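Just below is one structure, and these are the notes that go with it.
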Amino acid sequence: MTDAKPPAHLRPARVERVAGSSGTGRDTAGGTETGTKAQPAGAGAHARLEPAAELGFSGAPGQPGDTGDTMLHAQRTWDSSLATNRLDEQGVKLERQRTETKDVTVSVSLLVDGWPEDVRKSVGSIVEHTNARVLALDLGDVDGAGEVLDELADRHPDRIAVWHVAEEPHWRGGTATWGECRAKLLRLDESDVHVLMDTNVELRGDALTPLVAAVAEGAVAAGWRGVDFPDGEPEPVQMVEPGAGAAGPRRVRALTGELMAVRRGPALGALPEDAGYGRNADLALSLALQQEHRELVVPDEPLPAVRLGSHDVDPGYDARESRRNFDRVLRILGTS
């Protein structure tokens with residue numbers, strides 16, 4: 001697929017206009033949309049039995065109630081109502097996004113190279129909070145992480161597809177590189193939207209819908225965290241995260257790859273397949289996607305996702321390979 005002929009249900013990649021809101025993730029129990037499941041609200045969740053009493057009055061004519069703290073009580077009630085309305089607005093927006101993107105197919109791709117307990121939590125959170133399909137590539141069954149994948153796939157065969165390779169990851173001295181493995185997962189995927197996710201990320205709710213919504217509306221990619229380069233200089237970089245109250249998805253210069261939704265076709269052409277290591281290679285991928293002035297965005301609301309911890313590798317390897325990838329970033333910035 002290409003931007004010239006986008007997949008069904010995706011608008012052409014937008015050049016100038018910032019993406020509006022829509023989605024695919026799902027946090028609704030029993031839902032059938034691509035994405036995720038949410039718990040039904042309890043009966044009368046927002047019902048107010050005595051609205052007058054909440055403001056310091058009894059509710060009956062001629063009975064003023066307690067006048068000593070009426071204003072304080074009213075202020076607290078007002079603040080509480082604002083908070084409740086804010087949550088209601090977010091819920092309504094998320095449901096609208098799910099409806100608008102219910103026909104968009106989504107897959108989440110994972111490179112599994114150790115840390116089995118994080119793998120269990122990460123994959124489990126995708127299954128619990130979304131309806132997206134999981135595509136996992138196990139590299140050498142490091143520390144039994146491949147066995148954990150098989151266990152999860154046996155439990156959810158319709159949701160999780162697993163491939164095993166004997167080669168260990170590049171950072172352990174093996175031949176399985178980040179770029180080649182990511183490219184393999186992209187080619188195995190047939191979904192409209194492909195989500196790159198690290199196994200040290202756990203979803204605590206529907207974190208996919210806002211990302212998929214932004215892509216469906218015209219962005220070429222949308223991520224949990226973005227990167228800007230102040231004053232056009234490549235260093236230092238400035239991290240950009242979703243912020244409540246923003247006027248819409250915010251355009252950024254690059255995206256980090258810990259949780260990033262992309263249009264699969266353009267991503268295949270932009271992926272740095274010769275990158276041995278992932279750090280800064282994700283920035284290079286998103287910058288290459290953005291080179292033709294296509295939009296990269298972060299959502300306008302914080303996403304329910306957390307880092308489980310740092311997956312540290314040999315410091316010398318990290319410094320060498322991340323610098324090599326950042327040199328690629330500098331080259332792209334020099335031509336964009």
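Per the UniProt record's numbering: the sequence shown = residues 1 to 336. Glycine included, each C-beta is placed from N, C-alpha and C at the ideal position. Nothing here was measured: the structure is a model prediction, and the numbers come from that model.
Starting from residue 338, trace the alpha helix (DSSP H) both ways and give me its first and last residue.
Since the first residue of the chain shown is 1 and the last is 336, residue 338 is not available in this structure.
Beta strand (DSSP E) runs contained entirely in the segment 184 to 223, provided each spans 3 or more residues
193 to 197, 201 to 203 and 221 to 223
Helix, strand or coil, according to DSSP, for R133 in the structure here?
strand
For G146, three-class secondary structure by DSSP
helix
Once you ignore the five residues that flank K184 on each side, which residues in its own chain have a CB closer than 7 Å to its CB?
L137
Between the CA atoms of F229 and S191 - distance to the nearest angstrom
32 Å
So, under 8 Å CB-CB, R263 and L10 are touching, yes? Tell me the CB distance rounded to an integer number of Å.
7 Å
Please report the distance separating the alpha-carbon of L135 from that of V162.
6 Å
Figure out for me which residue from L289, A275, P266 and D274 has the closest Cα to the Cα of L255.
L289
Using only the alpha-carbon positions, how far apart do G144 and D113 sit?
9 Å
Environment of D189 [buried if 16+ CB atoms lie within 10 Å]:
buried
Option in L287, V193, G174 and A213 with minimal Cα separation from G226
L287
I'd like to check one pair, V108 with M239: are the Cβ atoms closer than 8 Å?
no
Under the rule that 16 or more other beta-carbon atoms within 10 Å means buried, what is H156, buried or exposed?
exposed
Is E117 closer than 8 Å to V142 when the C-beta atoms are compared?
no
Can you tell me whether A270 is buried or exposed, with buried defined as 16 or more other CB within 10 angstroms of its CB?
buried
For S122 and T199, the rounded distance between their alpha carbons
6 Å
Quick one: what's Q97 bridged to in DSSP?
Paired residues: none, contrary to the question.
Report yes if the CB atom of Q97 is closer than 8 Å to the CB atom of A213, and no otherwise.
yes
Roughly how far, in whole angstroms, is the beta-carbon of A281 from the beta-carbon of W178, given that I think they are within contact range, below 8 Å?
6 Å
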